[in-house]
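Asker: Take a look at the following structure, please.
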Amino acid sequence: MSERKIKNIFSQGPIPATFIAESIQKHSSQTAIGGHSIFLGQVRADETEQGKVKAIDYTAFEEMALEKMHQIREEIFAKYPITCMHVHHSLGQVQAGEICLFVFSSSAHRKAAIDSCNEIVERIKAELPIWGKEIMENDSHQWKVNK
Amino acid sequence: MSERKIKNIFSQGPIPATFIAESIQKHSSQTAIGGHSIFLGQVRADETEQGKVKAIDYTAFEEMALEKMHQIREEIFAKYPITCMHVHHSLGQVQAGEICLFVFSSSAHRKAAIDSCNEIVERIKAELPIWGKEIMENDSHQWKVNK
Amino acid sequence: MKVELTLFGQLADIAGRTKFQLQDIPDTDTLQKKIHEMYPEMANMSYSIAVNKKTIHENTVFEGDANVALLPPFSGG
Amino acid sequence: MKVELTLFGQLADIAGRTKFQLQDIPDTDTLQKKIHEMYPEMANMSYSIAVNKKTIHENTVFEGDANVALLPPFSGG
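Protein chains in written order, with my numbering: chain A, 103 to 249; chain B, 103 to 249; chain C, -14 to 62; chain D, -14 to 62.
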């Protein structure tokens, strides 16, 4: 088992673009990095049978999600020669157009950063106990289903 | 032939993290977007036979690069259901740790954003007439070779 | 033996609560049966079960008090 | 017929200049031969040739004045 600590990935509300910029900026001292791959999930104003989505309200089984994320992190570090990875996911309400997921992976050469970032995103969507409730403009709601 | 105008992708010096944040922020009004994929190239302080890299000085055959980038853009839009794509590349000196390439692709569903972003990066590296001269800490230099 | 149950997403909506306790439940199959008696709507729903934060894939006997969570299909990201 | 030549990267370093003109050059094979006479070092280097901003893949006859660029392997990004 690795010595890495379990990191929190959750924060309340949307992820601000300025937070993403700060995260990028912090890596300028790591001059072994040659490529960063970033994925951002943004809430879509989908037209549904219930109405138009105005926000998604996220809940999670936090302790289980963080343990699972820790395991994913360990496996990704074992599989790819990456320098660092960062994951942030919103809880609570995120309005359409706002960012709810930020995955950030860095490596000396681009391939590891890109491939690991993609795999992290897929695993987050498939394996983390997080649920999004779509809130419609007419204030009805429905539970989101990932494809 | 498409009506899209040839866009400039070049700017002098490094690409600031704040510029990336502004670019992300601008997409919050596009509520049909569900995923953004971003690639950032960062200058590595490689140890070479000539010394340690402290910066890369980029030059380009600008008009040819912009025509080629225009063609790549058209082909990417034809191939992937993306909402938008943005490419920025530095000219002149970029210090180790600074960002020299910013590729940003967005779509309703993540796959198109991720796949198109990767393909854009590969094509930029293979097809655009841009050259990086590695400047060493001892002020010697050598021309970079893409792998 | 006590089962501390936590419901998420649509399952919590149906139950009208996110947490409750059940007594004298020996295993997860018995638990599911009990839950479906209480909330028949859940019998037709797809969800997974986590015992002490680990997803189980077959009937699991409780060895002492247990925290059990009912997890609808995930939709994070 | 006039060829306006532009050199990039290491080729410009070798020539000590980025632009010059050559006269009476009918095609790209003749141009290359001339260049390699002027700068023997370039004969062993890998580069591609663009005529009026299009990369060529075989000998190309100039139909009037031409802008020709010599492009070392790309290293952008």
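The beta-carbon is built from N, C-alpha and C at its ideal position, and this holds for glycine as well.
Please read all numbers here as calculations on a predicted model, not as lab measurements.
Please check if any C-beta of chain D sits within less than 8 Å of the C-beta of Gly194/B.
Answerer: no
Asker: Give the C-beta separation of Ile209/A and Pro183/A to the nearest angstrom, bearing in mind that I take them to be a contact with Cβ-Cβ under 8 Å.
Answerer: Before going on, a small fix: residue 209/A reads as Ser here, not Ile. 6 Å between Cβ atoms; contact.
Asker: By how many angstroms is the C-alpha of Thr13/C removed from the C-alpha of Phe47/C?
Answerer: Straight through space, the alpha carbons of Thr13/C and Phe47/C are spaced by roughly 8 Å.
Asker: Comparing the C-beta of Gln6/D with each C-beta of chain B, is any distance below 8 Å?
Answerer: Chain B contact via Cβ: absent.
Asker: Starting from His42/D, trace the beta strand (DSSP E) both ways and give me its first and last residue.
Answerer: It is not in any beta strand (DSSP E) - His42/D carries neither H nor E in the DSSP assignment.
Asker: Between Ile178/B and chain A, is any beta-carbon pair separated by less than 8 Å?
Answerer: no
Asker: Could you run through the region 237 to 249 of chain A and flag, in chain order, every residue whose CB is less than 8 Å away from some CB of chain C?
Answerer: Trp245, Lys246, Val247, Asn248
Asker: Which bits of chain B does Gln(-5)/D rub up against, with CB to CB less than 7 Å?
Answerer: Trp245
Asker: Near Glu26/D, what residues of its chain come up, given a Cβ to Cβ distance below 8 Å and the 5 sequence neighbours on each side ignored?
Answerer: Ile(-1)
Asker: Between the alpha carbons of Gln6/C and Arg146/B, how many angstroms are there, rounded?
Answerer: 56 Å
Asker: What are the residues in the region 124 to 136 of chain B lying within 8 Å of chain A by C-beta distance?
Answerer: Glu124, Ile126, Gln127, His129, Ser130, Ser131, Gln132, Thr133, Ala134, Ile135, Gly136
Asker: Tell me the DSSP secondary structure of Glu165/A in three-state form.
Answerer: Glu165/A: helix per DSSP, three-state reduction.
Asker: So, does the CB of Gly49/C fall closer than 8 Å to a CB anywhere in chain A?
Answerer: Judged by the 8 Å Cβ criterion, Gly49/C is not in contact with chain A.
Asker: Relative to the C-alpha of Leu168/A, which residue among Ile34/C, Lys39/C, Ala(-3)/C is closest?
Answerer: Lys39/C
Asker: Could you tell me which chain B residues have their CB closer than 7 Å to the CB of Ser139/A, listed as they occur along the chain?
Answerer: The answer, in chain order, is Phe141.
Asker: Just checking: is the beta-carbon of Gln114/A within a distance shorter than 8 Å of some beta-carbon in chain B?
Answerer: Judged by the 8 Å Cβ criterion, Gln114/A is not in contact with chain B.
Asker: Compute the distance between the beta-carbons of Ser33/D and Lys246/B, then report whether it is under 8 Å.
Answerer: no
Asker: So which residues of chain C does Phe163/A contact, with C-beta pairs closer than 9 Å?
Answerer: Thr(-9), Phe(-7), Ala35, Lys38, Ala54, Leu56
Asker: Counting only the same chain and skipping the five closest in sequence on each side, list residues whose C-beta sits under 8 Å from that of Gln144/B.
Answerer: Gly199, Glu200, Ile201, Cys202
Asker: If we ignore side chains and look at the alpha-carbon of each, how far apart do Pro118/A and Gly137/A end up?
Answerer: 22 Å
Asker: Could you check where the beta strand (DSSP E) with Gly143/B kicks off and where it finishes?
Answerer: DSSP places Gly143/B in the uninterrupted beta strand (DSSP E) bounded by 137 to 144.
Asker: Taking the beta carbon of Lys128/B as the centre, do at least 16 other beta carbons fall within 10 Å, making it buried, or is it exposed?
Answerer: exposed
Asker: Can you check whether the C-beta of Thr185/A is within less than 8 Å of a C-beta belonging to chain B?
Answerer: no
Asker: Taking contact to mean 3 or more Cβ pairs, one atom from each stretch, closer than 8 Å, check whether the region 175 to 182 of chain B and the region 213 to 222 of chain B are in contact.
Answerer: yes
Asker: If Gln244/A sits next to Gly115/A, beta carbons under 8 Å apart, how far is it from one beta carbon to the other, in whole angstroms?
Answerer: Wrong, their Cβ atoms sit about 21 Å apart, outside the cutoff.
Asker: Rounded to the nearest angstrom, what separates Met103/B and Lys109/B at their Cα positions?
Answerer: Caution is warranted here: a pLDDT of 48 is assigned to Met103/B, below 50, making its placement in the model unreliable, and the coordinate value is therefore given only provisionally. Spanning the two alpha carbons is a distance of roughly 15 Å.
Asker: Spell out whether any CB of chain A is found under 8 Å from the CB atom of Gly61/C.
Answerer: yes
Asker: Using a Cβ-Cβ cut-off of less than 8 Å, list which residues of the region 211 to 238 of chain B approach chain D; keep chain order.
Answerer: The residues in question are Val223, Ile226, Lys227, Ala228, Glu229, Leu230, Pro231, Ile232, Trp233, Gly234, Lys235.
Asker: Taking the continuous alpha helix (DSSP H) assigned at Ser113/B, which residues delimit it?
Answerer: Run containing Ser113/B: none in the alpha helix (DSSP H); it sits in the beta strand (DSSP E), 112 to 114.
Asker: Cα-Cα, which of Ile140/B, Ile126/B, Phe206/B, Thr133/B is closest to Ile158/A?
Answerer: Thr133/B
Asker: Under 7 Å Cβ to Cβ from Arg225/A, same chain only, skipping five residues before and after it: list those, please.
Answerer: Only Ile174 meet the Cβ criterion.
Asker: Assuming Ile122/B contacts Ala214/A under a Cβ cut-off of 8 Å, what Cβ separation, rounded to an integer in Å, is found between them?
Answerer: Between Ile122/B and Ala214/A the beta-carbon gap is near 21 Å, outside 8 Å, which marks them as no contact.
Asker: What residue range does the alpha helix (DSSP H) around Asn248/B cover?
Answerer: Run containing Asn248/B: none; DSSP gives neither H nor E here.
Asker: Apart from the five residues on each side of it in sequence, which residues of its chain come closer than 7 Å, Cβ to Cβ, to Gly49/C?
Answerer: Met(-14)
Asker: Determine the contact status of Lys154/A and Ile237/A, defining contact as a CB-CB distance below 8 Å.
Answerer: Not closer than 8 Å, so no.
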